[in-house]
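Notes to accompany the following structure.
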């Protein structure tokens with residue numbers, strides 16, 4: 006199982022359409038950060054194309070290649086000719102949190118098993134090239150405690166680690182609640198301790 010803390014995810018939806026031996030294939034891809042979101046996207050596509058012969062789908066929730074939360078369906082096509090090849094393309098795409106629905110309007114000519122696999126996997130490959138992407142970053146929270154005179158140096162340091170201060174509470178010492186990218190949290194924790202020569206204590210940041 007992947008533990009990537011930064012990876013590309015869909016920034017919106019994309020759609021491609023192709024006619025193969027008179028069958029119309031419409032492939033739509035979109036973001037799916039949760040299984041519920043993936044199922045909602047599927048329901049939306051099924052509603053839009055309620056008169057279609059098939060609405061096959063595949064989704065990967067989580068980092069690219071992560072098989073912890075996946076789903077697929079041939080939706081009446083011969084077993085293994087739609088959902089599985091679609092999922093294989095998604096798992097190898099390097100994109101996470103993604104759902105794809107391939108809609109087919111049957112045109113009267115059978116494509117055969119190999120033809121269906123090519124059509125469905127090809128549709129996913131095509132829609133991925135049109136899909137807008139953004140970077141998803143996982144974050145980790147840290148709690149740091151130290152003397153008042155470190156307030157300004159800490160404010161400067163956290164920016165170097167793409168982190169920010171969520172809250173700063175003044176009691177006998179200063180308590181900072183910080184949020185940092187998970188892949189930089191442990192480095193930030195070490196930097197805070199090094200900066201203050203151990204005067205700042207840090208809880209969390211293991212990533």
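Residue numbers (my numbering): 6 to 212. Yeah, the Cβ is synthetic: ideal placement off N, Cα and C, and Gly gets one too.
Own chain partners of residue i with C-beta closer than 7 Å, once the 5 adjacent residues on each side are dropped
i, result
"residue 172", "182"
Sequence-distant residues of its chain with Cβ nearer than 8 Å to residue i (five each side left out)
i, result
"residue 178", "150, 151, 152 and 153"
"residue 81", "58 and 59"
"residue 20", "31, 32, 33, 34, 132 and 135"
Per DSSP, the bridge partner or partners of residue i
i, result
"residue 169", "184"
"residue 64", "76 and 104"
"residue 28", "25"
"residue 147", "183 and 209"
Alpha-carbon to alpha-carbon, residue j and residue i
i, j, result
"residue 160", "residue 49", "45 Å"
"residue 73", "residue 88", "17 Å"
"residue 164", "residue 158", "10 Å"
"residue 16", "residue 176", "42 Å"
"residue 204", "residue 96", "46 Å"
"residue 184", "residue 53", "40 Å"
"residue 92", "residue 155", "51 Å"
Beta carbon of residue i nearer than 9 Å to that of residue j
i, j, result
"residue 47", "residue 106", "yes"
"residue 86", "residue 129", "no"
"residue 147", "residue 190", "yes"
"residue 37", "residue 79", "no"
"residue 12", "residue 75", "no"
"residue 71", "residue 143", "no"
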